[in-house]
Amino acid sequence: MSFNVNPSHRAFSSNASSRFSRLALGLGLAALFGFYGLGNAAHAAETPQCEIDRPVKFGGMNWESNLVLVEVERFIAEKGYGCKSEVLPTETLPALAALERGDLDINTEIWLNSVSEPWAKAEATGKVKRIGDIYMGGEAWFIPRYTAERLPELKKAADLPKFKDQFKDPEEPTKGRFYGCPAGWGCEVVSGNLFKALGLGDTFTLFSPGTGATQKAALTAAYKRKENIVFYYWYPTPLVGSMDLVKLDLPAYDKSRHACLTDPNCANPEPSAYPENPVFTAVSTRFSQDAPKLTEFLSKVSVPLPLMDKVMAYMEENEAEPVDVAKWFLQNQGEVWGKWLPTDVAGRVKAAL
């Protein structure tokens, strides 16, 4: 069967077909762009917008647990909340003053027993807020176990004067050396007052290393050489976790005595053991008002002490940098940090790992 087609009809059909094709193409492109427009809108909706239009300022205290937790929080702030951040290197007491002034937004780890008086004064101004408890830390005066075995009668910190020759200070050989807290840290105040309260000044020098790294390096080197050393340290830390140490006994904890030990102007320090040390996060009040969602997240940051010990051990065993330890923590402890965050924020963090 065949059909005779009128040329004019062919022309009409061709024009109609062309117009139809152009219409279809237009509709198709419109649909296509509409699809991508919706996709971009959806993507924009999923992209978080930080509550503040400047970098979030974290205090970078130079001990390991703080540095790791700061990197954990920065990653979450960036990937989960769309914020930029920066770390401002500082020390305990200057950091507290900076927080009060608003020069810092977040102090991730404040060890309360080291700064109880300064913290109480800062909190009373209304310019800083305690928002969440991280874990319960500890502090002590230590000797290595090999020293305890060499000197079995050395049980108490008050016994140290009888053993000064076993801890000779290389710069003042007539005295022993006690390694205190790094200069500028809050624990330096307590170490100094406790050293004075125990009457050790005539037989020992109080050596305050310039930085936490200097302190750790000196203690690690002496430990490897099996030298007798006596020192203050805190935990959880890679150093305490990696050494076999014995605590020296201190007089029973007394709240009023310890409160004076934390005061730089304590007139008559009396000896007291360290209590358990609450470690908490604080923010400037202004930051908490400007960034309520970030503040809510930071208020929930909490890590069980056994897990923090594990994190510190991982850091020591792998000689890892804080940012790498933070990533390892985020990759392996989702059940812990997932509880700190809303579901959508946690999803964005997981997707970024």
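Residues in the sequence shown are numbered consecutively from 43, following our numbering.
Quick reminder that beta carbons are idealized off the backbone N, C-alpha and C, glycines included.
Where residue i falls, given that 16 or more other Cβ within 10 Å makes a residue buried
i	result
threonine 247	buried
tyrosine 295	exposed
tryptophan 382	buried
serine 298	exposed
glutamine 411	Lying before the first or after the last residue shown, residue 411 is absent from the chain, which here runs from 43 to 395.
asparagine 149	buried
alanine 182	buried
lysine 163	exposed
aspartate 95	exposed
glutamate 363	exposed
proline 384	exposed
arginine 116	buried
tryptophan 379	buried
proline 131	exposed
threonine 323	buried
asparagine 348	The sequence as given places proline at residue 348; asparagine does not occur at that position. Counting Cβ neighbours within 10 Å, proline 348 comes out exposed, since fewer than 16 surround it.
glutamate 106	buried
threonine 279	buried
glutamate 214	exposed
Span separating the alpha-carbon of residue i from that of residue j
i	j	result
serine 341	alanine 140	20 Å
threonine 327	leucine 196	48 Å
phenylalanine 26	valine 387	The chain is shown from 43 up to 395; residue 26 falls before or after that span and cannot be answered.
serine 330	leucine 395	27 Å
valine 391	phenylalanine 371	13 Å
alanine 239	tyrosine 316	14 Å
threonine 245	proline 203	6 Å
leucine 135	arginine 143	13 Å
glutamine 373	leucine 154	30 Å
valine 325	lysine 206	44 Å
asparagine 82	isoleucine 152	Unreliable positioning characterises asparagine 82 in this predicted model, as indicated by a pLDDT of 38, which lies under 50. The coordinate reading is nonetheless provided below. If you take the alpha carbons of asparagine 82 and isoleucine 152, they lie about 43 Å apart.
valine 365	asparagine 319	26 Å
alanine 199	valine 272	9 Å
glycine 222	serine 158	19 Å
methionine 354	alanine 333	30 Å
valine 321	glycine 180	9 Å
aspartate 351	glycine 241	34 Å
glutamate 377	glycine 389	13 Å
valine 345	serine 314	28 Å
arginine 267	threonine 337	46 Å
threonine 304	serine 233	9 Å
N-terminal and C-terminal residue of the alpha helix (DSSP H) that residue i is part of
i	result
arginine 219	Per DSSP, arginine 219 belongs to no alpha helix (DSSP H); it is in the beta strand (DSSP E), 214 to 221.
serine 158	158 to 166
proline 136	134 to 143
valine 391	385 to 394
serine 107	106 to 123
threonine 323	Segment 319 to 326 is the beta strand (DSSP E) holding threonine 323; no alpha helix (DSSP H) there.
lysine 14	Residue 14 lies beyond the residue range present for the chain, which begins at 43 and ends at 395; the question has no answer from this structure.
tryptophan 370	364 to 374
tyrosine 265	254 to 266
leucine 193	Careful: leucine 193 lies outside any alpha helix (DSSP H) and carries neither H nor E.
cysteine 229	228 to 239
Delimiting residues of the beta strand (DSSP E) encompassing residue i
i	result
phenylalanine 205	Careful: phenylalanine 205 lies outside any beta strand (DSSP E) and carries neither H nor E.
asparagine 149	148 to 153
tryptophan 183	170 to 186
leucine 248	246 to 249
glycine 101	98 to 103
Residue i Cβ short of 7 Å to the ligand MN heavy atom set
i	result
phenylalanine 205	Ligands displayed in this structure: none; no statement on the ligand MN is therefore possible.
Cβ contact (3+ pairs, closer than 8 Å) linking the segment 213 to 220 and the segment 282 to 294: With a cut-off of 8 Å, the segment 282 to 294 and the segment 213 to 220 do not count as touching, because too few Cβ pairs lie within range.
Segment contact flag, the segment 167 to 174 with the segment 187 to 196, C-beta cutoff 8 Å, min 3 pairs: Short answer: they don't touch.
Completely contained beta strand (DSSP E) runs for the segment 270 to 294, where each covers 3 or more residues: Segments of the beta strand (DSSP E) lying fully in the segment 270 to 294: 272 to 277, 287 to 289.
contact_flag[the segment 221 to 229, the segment 248 to 257] where n(CB pairs < 8 Å) is 3 or more: In short, these stretches touch, since the Cβ pair count reaches three.
The segment 117 to 125 contacting the segment 307 to 317, beta-carbon criterion three pairs below 8 Å: Short answer: they don't touch.
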